[in-house]
Structures are given as C-alpha cells and as structure tokens.
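Below is one structure, written out as structure tokens; the observations come after it.
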Amino acid sequence: MAAEKSVFDLDAYRREEDEAVREAARASIWWEQEWLRFPTVSKDDDGAWRYWSVPADSGVYQDDWPLGERLARETVAQMRRFPEGSTVLRRILREMDPESAVGQGFLTAVEDILCQSGPALQPL
C-alpha cells in the first residue's frame, strides 16, 4: 500500500503537483516532436501549425510528381508509426492544392498505398 500523505503535508502535495506539471510538459514536447516528423508539417514562428508546408510546383513535372509521391509514402509511414497523428491527413487535404503536380503525385500515391495495403472496399 502506498504511503499516505497527511492533509497538512503541503510540501508533499506541491512535489506531486510539480512532478505532474513536468510530466505534462514532457508529454507535450514528445507529442510536438511526433507531429513534426510528418514530412509536410511545420510550425511557424508564432506557433501556428501548417500541415502542407511544401514548396510550390517548380514547373518541372518530373521533379514535382515524384516529390508528392515521396511525401505521401513518408506521411503514411509516420501515420503507421504514430496512429494518434492520423488526423494529419485530413488537415493536409484541407491545405494542399490538389491541382498542383506535387499534390496530384501525393494523392495518387496515397490512393495506391491504400489500395495495396488491405482488402478491397466493397460497396454497401
């Protein structure tokens, strides 16, 4: 059985609270580091998150499309490693330009990955 604290032992309560605050800070830092492992995610100087932090198309299709495919593979790999970050895909889709070559390469690769990684979806 754990040692009981006296109601009047304020130092023990303060130590417990301080430890809880430190643990919450560690968890917050870990969570942020995991989010920043997504290849398209960044954080602005003012602390705002960007989920599609990708340079605009270079105009060279042979460079832009493969970049989108690579970003998709790395994004899916991070989603598999860090399932709590799965909402990043929805946020990416909101911010990206689906008409760009990078965006089209990304979407095509995500579709290919989804079609290859599990049983085919059946219509209802």
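For the sequence shown, the numbering used here gives the first residue as 1077, with consecutive numbering after it. Cβ atoms here follow ideal geometry from the backbone N, Cα and C, with glycine treated the same way. Predicted model, so just to flag it, every value in this text is computed and none were measured.
Asked: Taking C-alpha atoms, which residue in PRO1159, ASP1085, LEU1190 and ALA1100 lies nearest to ALA1148?; Found: LEU1190
Asked: Within the same chain, show all residues whose beta-carbon is closer than 6 Å to that of ARG1126, passing over the 5 residues directly before and after it, in chain order.; Found: SER1118
Asked: Terminal residues of the continuous alpha helix (DSSP H) containing TRP1141?; Found: 1137-1157
Asked: Of the choices ASP1188, ALA1088, ARG1157 and VAL1178, whose alpha-carbon is the least far from that of GLY1135?; Found: VAL1178
Asked: Measuring only the C-alpha atoms, how far is GLN1154 from ASP1085?; Found: 45 Å
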